[in-house]
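Under our numbering, think of the first position of the sequence shown as 231, with each following residue one higher.
Beneath this line is the structure, given in structure tokens, with notes to follow.
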Amino acid sequence: MNWGTDLWDQFDKVTDHTLKGIEFCERYAHFVKDRAKVESDYASSLRKLTKNYLPKRKEDSPFTHVQSFHDTLKEVGDVAGQHELLAEQLRASIWDEMNKLASELKAERKKHIEKAKQLENQLASQMRILDNAKRKYVRAYDDQVRAEEAYRNADNNMNLSRAEVDRAKSVAYQKAQFCSDCKAGYAQALEQTNSHQRDYYNKHLPQVFQSLQEMDEGRIMKLQQSVKNMSNEEKRIQPIVNTCLDGISAASEKIDHGEDSRKVIDKFKSGFFPPEDIAFEDLSNEDAQSVGSNSKLSREKSEPIKAAGTTKGGKSKKERSGLGKIFGGARGKKTYIGRSKSETLPTRLQGESLKRFNPRNQEPEREDFGHLPPQQQKKQLKEKIKHLKHQITKERAEREGLVKMQDVYRGNPKLGDANSVNSQLDDNKIKMDNLEAEMAKYEGYLATASGSGGTPNMVRRQSIGSHHSTHSADISTPINGNTPNNVSGQTPNSVSGQTPNRSTMVNSVDSFDDEFDDEPSAPIGTATALYPFDATTEGALSMLLDEELSIVDKDNGDGWTKIRKPNGDEGFVPTTYIKIH
């Protein structure tokens, strides 16, 4: 199968075919470009879609279906990223390659066509030489025929002299000789032309056809590879896209309608009880009615205050109920007044109670969250206590690091001045005192809201192990060795009315620690010991060279990092002694 053999007389059509092939290659390149644009636009649309449906402000919804939807949006964003990658690969590896291929094919085709035209011109030139030789031979032959005819006529004419006959004979001989030379030249030109023509059609032109055929086949093979590469590029992103789709499916599996219902209760439960049945008022007995109305009226004047509720600490339930957040729905919706079972709301005072609990008259937020219903108040107080506990733990770790750094400076004064740490320790002491006071205050609020009648968990802390007792005593002891009995500033305590001392506050913190931290914290990283370290102070931990460690808490700027060994031992080591991975 050779174009030079089978298509020897179709050179123009072959060149048109190769031109159309190059144009098709350019068209395919435009297709790849448009396909990449489609992928890019699709990715942009997905990005815009996820951005529009993500929450405008950063807030964590407790509901599983909302969290699942947010996870779905993240996975859709990852899918968009894969389509962006696909668009980039299509432009870089396929579109550019096809454009380059089209340019190369145009140049190569032009070169082959020029070569074919050069061969054709050479053949045409040889054909012209043949035509000239033939025409010369034809003219010489005609002249020879005429000269011979003139010689015969002269020889037969008896009126001509012998000289005239000889002259006619000489002319005829010359014409014959010239004709013979022209005949030989024509024969030679014919032989050369035939040879050139054979070479042209059997050798030179087939080579051009073969080159054009190889060029076209190469174009087709590269186009085939390009189509395959485009498919491979799309296949390459499919595993990640499938992983994203699996992530969406996994997110859907996390949706729990029962859990969401429980979270709705936890979020909006007020802690009030539904109102009791309205008592029947018998108006037939006027005397009993007048007597009852007087006593009832006096009772009703005091019940609105009681309905709001006064606690043992003197804090009004109205102040911390915050019914506006529960009943602050759209206009025209029914409002519900919740009260305890022991409270009865008189019929004639319902209007006054509605006015008193109107959401539009809601009080501003209070420090003890008394503007919220009881259940929500306790929830917010627990979250506040948890936050304070985290802050206290952080400050405690910072203090321990400062103490260890001071001990290192004392052991090796070349590393630094131990007295320079005192100011930081003093600042840390002030922060600890303030946080412990806040902790005691909010635990008092929580005890009051829970109705326990005393400070929370103070007695239970007496049975805590020696580790917590020693640790609390160490933290409560200032640098100068003096232990204050009370924290500066009066701490509100609606139960006892007294200011708790610092050891009590630390015990409260540790009590909260027991309630919320039953397991050790997970490591946040790994490290390797660059140098051996021998612990000489309390809280520090010895380590060997190249020992593998887990990081529990990062360096807070004091030069110490808290680590954990495989056997479970925890302690602080110098940050410069380890390599963090």
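Using N, Cα and C, we set each Cβ at its ideal position, and we do this for glycine too.
### Query
Between Ala-363 and Ala-419, is the Cβ-Cβ spacing less than 9 Å?
Here residue 363 refers to the residue found at position 133 of the sequence shown. Here residue 419 refers to the residue found at position 189 of the sequence shown. Yes, these two residues count as a Cβ contact at 9 Å.
### Query
DSSP on Ser-780, reduced to helix/strand/coil?
Residue mapping note: residue 780 aligns to position 550 of the sequence shown, counting from 1. Ser-780 falls in the strand class under three-state DSSP.
### Task
Please go through the same chain and pick out, in chain order, the residues whose beta-carbon is closer than 7 Å to the beta-carbon of Ile-810, but skip the five residues on each side of it.
Residue mapping note: residue 810 aligns to position 580 of the sequence shown, counting from 1. Around Ile-810: Gly-755, Ala-757 and Ile-781.
### Query
Do you know offhand how far Ala-814's Cα is from Tyr-430's?
Only positions 231 to 811 of the chain appear in this structure, which leaves residue 814 out of reach.
### Beta-carbon proximity check, Asn-351 vs Ala-259, cutoff 9 Å
For this step, residue 351 is matched to residue 121 along the sequence shown. For this step, residue 259 is matched to residue 29 along the sequence shown. Cβ distance not < 9 Å, so Asn-351 and Ala-259 don't count as in contact.
### Query
Going by other Cβ atoms of all chains shown within 10 Å of its Cβ, with 16 needed for buried, is Ile-816 buried or exposed?
There is simply no residue 816 to check, as the chain begins at 231 and stops at 811 in what is shown.
### Query
Whose C-beta lies closer than 7 Å to the C-beta of Leu-618 among residues of the same chain, with five residues either side of it excluded?
Indexing the sequence shown from 1 puts residue 618 at position 388. Leu-665, Glu-668, Met-669 and Tyr-672.
### Task
Inspect the beta-carbon positions of Leu-453 and Thr-248 and report whether they are closer than 9 Å.
Against the sequence shown, residue 453 aligns to sequence position 223. Against the sequence shown, residue 248 aligns to sequence position 18. The answer is no: Cβ separation not under 9 Å.
### Query
If you compare alpha carbons, which of Asp-764, Asp-326, Asp-271 and Glu-778 is closest to Asn-804?
For the purposes of this step, residue 804 is taken as residue 574 along the sequence shown, with counting starting at 1. For the record, residue 804 in the displayed sequence is Pro; it is not Asn. Relative to Pro-804, the option among Asp-764, Asp-326, Asp-271 and Glu-778 whose CA is nearest is Asp-764.
### Query
For Pro-603, does the three-state DSSP call read helix, strand or coil?
For the purposes of this step, residue 603 is taken as the residue at position 373 of the sequence shown. If DSSP states are grouped into helix, strand and coil, Pro-603 belongs with coil.
### Task
Look at the alpha carbon of Ser-461 and the alpha carbon of Leu-276, and state the distance between them as a whole number of angstroms.
Walking along the sequence shown from the start, residue 461 turns up at place 231. Walking along the sequence shown from the start, residue 276 turns up at place 46. Approximately 22 Å between the Cα atoms of the pair.
### Query
What residues in its chain sit with their C-beta under 8 Å from that of Gly-311, if we drop five residues either side in the sequence?
As a working mapping, residue 311 is identified with position 81 in the sequence shown. Within its own chain, the residues whose Cβ lies closer than 8 Å to the Cβ of Gly-311, once the five positions on either side in sequence are excluded, are Ala-273, listed in chain order.
#### Entry: Nearest candidate by alpha-carbon position, reference Ser-482, set Pro-604, His-295, Lys-458 and Asn-432
In the sequence shown, residue 482 corresponds to position 252, counting from 1. Per the Cα distances, His-295.
### Query
Buried or exposed: Thr-423, going by 16 or more other Cβ atoms within 10 Å of its Cβ?
Your numbering for residue 423 matches position 193 in the sequence shown. Flag for Thr-423 reads buried.
### Message
To the nearest angstrom, how far is the alpha carbon of Gln-374 from that of Ile-343?
### Response
Counting from 1 along the sequence shown, the entry for residue 374 is found at position 144. Counting from 1 along the sequence shown, the entry for residue 343 is found at position 113. Going from the Cα of Gln-374 to the Cα of Ile-343 covers about 46 Å.
### Message
Any heavy atom of the ligand COA inside 8 Å of the beta-carbon of Ser-274?
### Response
Among the components of this structure there are no ligands whatsoever, and the ligand COA is therefore not found.
### Query
Counting Cβ pairs closer than 8 Å, one from the stretch 466-484 and one from the stretch 280-287, do we hit at least three?
Not touching, per the Cβ criterion.
### Message
Please tell me whether Tyr-371 and Lys-413 are closer than 9 Å, where the distance is taken between their beta carbons.
### Response
Working through the sequence shown from its first residue, we reach residue 371 at position 141. Working through the sequence shown from its first residue, we reach residue 413 at position 183. For Tyr-371 and Lys-413, yes; Cβs fall inside 9 Å.
### Query
Short check: CB of Asn-658 to CB of Gln-636, under 9 Å?
Translated into the one-based positions of the sequence shown, residue 658 becomes position 428. Translated into the one-based positions of the sequence shown, residue 636 becomes position 406. At the C-beta level, Asn-658 and Gln-636 stay beyond 9 Å of one another.
### Task
For Val-262, count neighbouring C-beta atoms within 10 Å of its own C-beta (all shown protein chains included) and say buried if the count is 16 or more, exposed if not.
What you label residue 262 is simply residue 32 of the sequence shown in a count that begins at 1. Buried.
### Query
Between the C-alpha atoms of Gln-437 and Glu-253, what's the straight-line distance to the nearest angstrom?
Against the sequence shown, residue 437 aligns to sequence position 207. Against the sequence shown, residue 253 aligns to sequence position 23. The straight-line gap from Cα to Cα measures roughly 24 Å.
### Query
Roughly how many angstroms separate the alpha carbons of Tyr-416 and Thr-245, rounded to a whole number?
In the sequence shown, the residue the question calls residue 416 occupies position 186. In the sequence shown, the residue the question calls residue 245 occupies position 15. For Tyr-416 and Thr-245, the distance between alpha carbons rounds to 35 Å.
### Message
My parser needs the alpha helix (DSSP H) runs of 4 or more residues fully inside the stretch 443-522; what are they?
### Response
Complete alpha helix (DSSP H) runs here, min 4: 487-498.
### Query
Given 8 Å as the limit, is there contact between the stretch 454-474 and the stretch 312-328, that is, 3 or more CB pairs closer than that?
Pairwise C-beta distances place the stretch 454-474 in contact with the stretch 312-328, as three or more of them are shorter than 8 Å.
### Assigned secondary structure, Ala-259 (DSSP; H/G/I helix, E/B strand, else coil)
Locating residue 259 in the sequence shown gives position 29, counting from the first residue. In the structure shown, Ala-259 sits in a helix (DSSP, three-state: H, G or I).
### CB contact flag (Phe-752, Ile-808, <9 Å)
As a working mapping, residue 752 is identified with position 522 in the sequence shown. As a working mapping, residue 808 is identified with position 578 in the sequence shown. Sequence check: residue 752 is Ala here, not Phe. With a cutoff of 9 Å on beta-carbon distance, Ala-752 and Ile-808 are scored as not near each other.
### Query
Between which two residues does the alpha helix (DSSP H) harbouring Trp-233 extend?
As a position in the sequence shown, residue 233 is number 3, starting the count at 1. Judged by DSSP secondary structure, Trp-233 falls within the alpha helix (DSSP H) whose first and last residues are 233-236.
#### Entry: Residue burial classification, Met-445 (beta-carbon count within 10 angstroms, cutoff 16)
Residue mapping note: residue 445 aligns to position 215 of the sequence shown, counting from 1. So Met-445 ends up on the buried side.
### Query
Just curious, the beta strand (DSSP E) that Val-803 is in, first and last residue?
Taking the first residue of the sequence shown as 1, we reach residue 803 at position 573. Run containing Val-803: 800-804, per the beta strand (DSSP E) assignment.
### Environment of Ile-793 [buried if 16+ CB atoms lie within 10 Å]
Counting from one through the sequence shown, the residue named residue 793 turns up at place 563. Buried: at least 16 other Cβ atoms inside 10 Å.
### Query
Are Lys-634 and Gly-477 touching if we call contact CB-CB under 9 Å?
In the sequence shown, residue 634 corresponds to position 404, counting from 1. In the sequence shown, residue 477 corresponds to position 247, counting from 1. 9 Å or more divides the Cβ of Lys-634 from the Cβ of Gly-477.
### Message
So, at 7 Å on beta carbons, what are the nonlocal neighbours of Ala-332 in its own chain, with the 5 sequence-adjacent residues on each side left out?
### Response
Taking the sequence shown and counting its residues from 1, the one referred to as residue 332 is at position 102. Leaving aside the five residues that flank Ala-332 on each side, the residues in its chain whose CB is nearer than 7 Å to its CB run, in chain order, Ile-252, Cys-255, Glu-256 and Ala-259.
### Message
Looking only at its chain, what residues have a beta carbon closer than 7 Å to the beta carbon of His-434, apart from the 5 residues adjacent to it on each side?
### Response
For the purposes of this step, residue 434 is identified with residue 204 of the sequence shown, where counting begins at 1. Excluding positions up to five away in sequence, the list reads Leu-349.
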